[in-house]
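Residue numbers (UniProt numbering), protein chains in the order written: chain A, 1 to 253; chain B, 1 to 253. Following: one structure in structure tokens, then a few remarks.
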DNA sequence: CAGTGGTCTAGACCACTAT
DNA sequence: TAGTGGTCTAGACCACTGA
């Protein structure tokens, strides 16, 4: 009987088999939030494995947020946090890929500039510091979807490849052209109306709402090394998120 | 020397002290992405602790995404993923609290209704099923900030408290009035322009951009048990996120 | 082949909870 | 006091890497 669940001779670690076993129990609803898991001694005895191995499996479940423990009492199935919402911005581009559309980045402008007052403030640098500045528009199947403006300090003076300007994330760009490596980032997501210029680039009517994302990249000394502004068409983009223990069923419904 | 780092007689577990030690090393930049950590045997010997305890500490670092291991090679400091962006919606309300403003929820309308065609489709239920419907507006210091419309199936027919309608998340509401418990949720964040009615409630001019959040709550059988629509004023709300190993420094800059 | 990380064990002791 | 989870150990064996 227990052989059907745990195969001690498998190449798959025992703790992982055990983890998957309980994960399935929870995802399928056979174990409901609030239910108690068997005690570690019970599990260890039932499958004839070490208590430490059981602990390892339960530790994984805890890391996944699916169970919690109380000293002296037991291990319990956790309730999913359905009110804390986490959005993943990769979503923006995953969506394009999912729809089988081809993403394409077009370079509108690329220059080495000397920072003016405003840019110097944004990047926390001195006026006249050399910066790399460029603008791209991202299209899918010929339709403009996003419009990005990026600045990064240009201290290395290493050559700039057009291919490099087209696709990369702000942090990889900062890595290439700043003399220190990116360490942290701050991002702010807002809603806005497109300006006339932006609307023209995106091929939408002015005053159409858009997502506005401001990115700042810092190095290990917490100095700003890159700054970027991205606009995403509000009529084409949305952020979707799923939470809970039986997510897969929902995605297919 | 090692006594300054690890106190074996402390109430704080050794593995946790070790975890914090390396976490600090990474956050402070003394260990940079790509650097190798000492081998487990070295660490175990240096602090005179068991290899398993060292593993435990490193396991925590891995769970935190700060290091990764390669069989036969060693343990390495990971590079933070600065391009995958995760936004936490609690942000919306945390922000209010942070500014020291008082959040207040005002009930505009609350009724038991029979589902019409449209609602029945949204909730995946039969027409005429009894539902709880209500609208609230959330204000901070008297200023409207968000406007929420919620529906949940009303199968329990348990009494409805006004206090209950005012603040709670959609999932707690579904838990109170549906006959099955919430298990998963789907949320979609979009940008939109406020309609005339919405603009009036929010005290903004029409065509002001807003965040639009659609929430759906499912039970363990993947049936919809609640649906909600929330509008957040685009001129008052933003979502901010930080990523990387030295985040704290940035937040204060 | 030596060195690394990965898994597993059997048993020890502790702190906490409930009775 | 018995039962729970939490920590720690010393040592075993494995798979993988690189010289």
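Glycine included, every Cβ here is placed at the ideal spot set by N, Cα and C. On a predicted model such as this, the values are computed, not experimentally measured, just so you know.
Query                                                                                                                                                                               : Result
Taking the alpha carbon of residue 76 of chain A as the reference point, which residue from A/82, A/86, A/62 has its own alpha carbon closest?                                      : A/62
Taking 8 Å as the CB-CB cut-off, is residue 3 of chain A touching chain B?                                                                                                          : Only weak support exists for where residue 3 of chain A lies, its pLDDT of 40 falling under 50; the coordinates are left without a value.
For residue 1 of chain A and residue 72 of chain A, what's the separation of their Cα atoms in angstroms?                                                                           : In this predicted model, residue 1 of chain A has a pLDDT of only 42, less than 50, meaning its place in the structure is not dependable enough to derive any value.
Counting pairs of beta carbons, one from the region 143-154 of chain B and one from the region 227-244 of chain B, are three or more of them closer than 8 Å?                       : yes
For residue 87 of chain B and residue 250 of chain A, what's the separation of their Cα atoms in angstroms?                                                                         : 22 Å
Can the beta-carbon of residue 171 of chain B be found closer than 8 Å to that of residue 185 of chain B?                                                                           : yes
Apart from the five residues on each side of it in sequence, which residues of its chain come closer than 7 Å, Cβ to Cβ, to residue 190 of chain B?                                 : 212
Taking the straight line between their C-alpha atoms, what separation do you get for residue 10 of chain A and residue 221 of chain B?                                              : 33 Å
Touching or not, the region 103-116 of chain A and the region 126-143 of chain A, by the rule of three or more beta carbon pairs under 8 Å?                                         : yes
Taking all protein chains shown into account, decide if residue 159 of chain B is buried (16 or more other Cβ within 10 angstroms of its Cβ) or exposed.                            : exposed
For residue 190 of chain A, does the three-state DSSP call read helix, strand or coil?                                                                                              : strand
Can you find a CB in chain B that lies within less than 8 Å of the CB of residue 220 of chain A?                                                                                    : yes
Examine chain B for any beta-carbon lying closer than 8 Å to the beta-carbon of residue 241 of chain A, and answer yes or no.                                                       : yes
Chain A partners of residue 72 of chain B, CB-CB under 8 Å?                                                                                                                         : None at all; the shortest Cβ gap to chain A is about 17 Å.
Going by the beta-carbon positions, is the gap between residue 137 of chain B and residue 187 of chain A smaller than 8 Å?                                                          : no
With distance defined between alpha-carbon atoms, name the residue in B/23, B/120, B/56 nearest to residue 154 of chain B.                                                          : B/120
Just the Cα atoms here: how many angstroms apart are residue 196 of chain A and residue 207 of chain A?                                                                             : 8 Å
Going by the CB atoms, is the gap between residue 218 of chain A and residue 183 of chain A shorter than 8 Å?                                                                       : yes
Going by the DSSP bridge assignment, what does residue 215 of chain A pair with across the sheet?                                                                                   : A/187, A/228
In three-state terms, what does DSSP make of residue 1 of chain A?                                                                                                                  : At residue 1 of chain A the pLDDT is 42, less than 50, meaning the model places this residue with poor confidence and gives no usable figure here.
Run through the DSSP bridge pairs and tell me what residue 88 of chain A is partnered with.                                                                                         : B/86
Have a look at B/67, B/109, B/202 and flag the residue whose alpha-carbon is nearest the alpha-carbon of residue 38 of chain B.                                                     : B/67
Rounded to whole angstroms, what is the Cα-Cα separation between residue 107 of chain A and residue 143 of chain A?                                                                 : 15 Å
Ignoring anything shorter than 4 residues, give me the alpha helix (DSSP H) runs that lie fully in the UniProt domain "HTH gntR-type" (12-80) of chain B, in order along the chain. : 14-27, 40-47, 51-63
Quick one: does residue 209 of chain A have its CB under 8 Å from some CB of chain B?                                                                                               : yes
Helix or strand or just coil, what does DSSP make of residue 9 of chain B?                                                                                                          : coil
So what does residue 239 of chain A bridge to, in DSSP terms?                                                                                                                       : B/189
With a Cβ-Cβ cutoff of 8 Å, do residue 80 of chain B and residue 248 of chain B count as a contact?                                                                                 : no
Compile a chain-ordered list of the residues in the region 157-182 of chain A whose CB is closer than 7 Å to at least one CB of chain B.                                            : 169, 171, 182
Looking only at C-alpha atoms, which of B/24, B/57, B/4 sits nearest to residue 13 of chain B?                                                                                      : B/57
How big is the Cα-Cα spacing for residue 141 of chain B and residue 102 of chain B?                                                                                                 : 6 Å
Once the 5 residues before and after residue 3 of chain A are set aside, which same chain residues still bring their CB inside 6 Å of it?                                           : Per-residue confidence for residue 3 of chain A stands at a pLDDT of 40, beneath the threshold of 50, marking its modelled position as unreliable; no derived number is given.
Could you tell me the distance, in whole angstroms, from the CA atom of residue 51 of chain A to the CA atom of residue 162 of chain A?                                             : 57 Å
One question on the structure: do residue 105 of chain B and residue 167 of chain B come within less than 8 Å of each other, judged by their Cβ atoms?                              : yes
Quick check on this structure: which residue in B/33, B/232, B/199, B/47 has the alpha carbon closest to the alpha carbon of residue 181 of chain A?                                : B/33
State the Cα-Cα distance for the pair residue 30 of chain B and residue 54 of chain B, rounded to the nearest angstrom.                                                             : 20 Å
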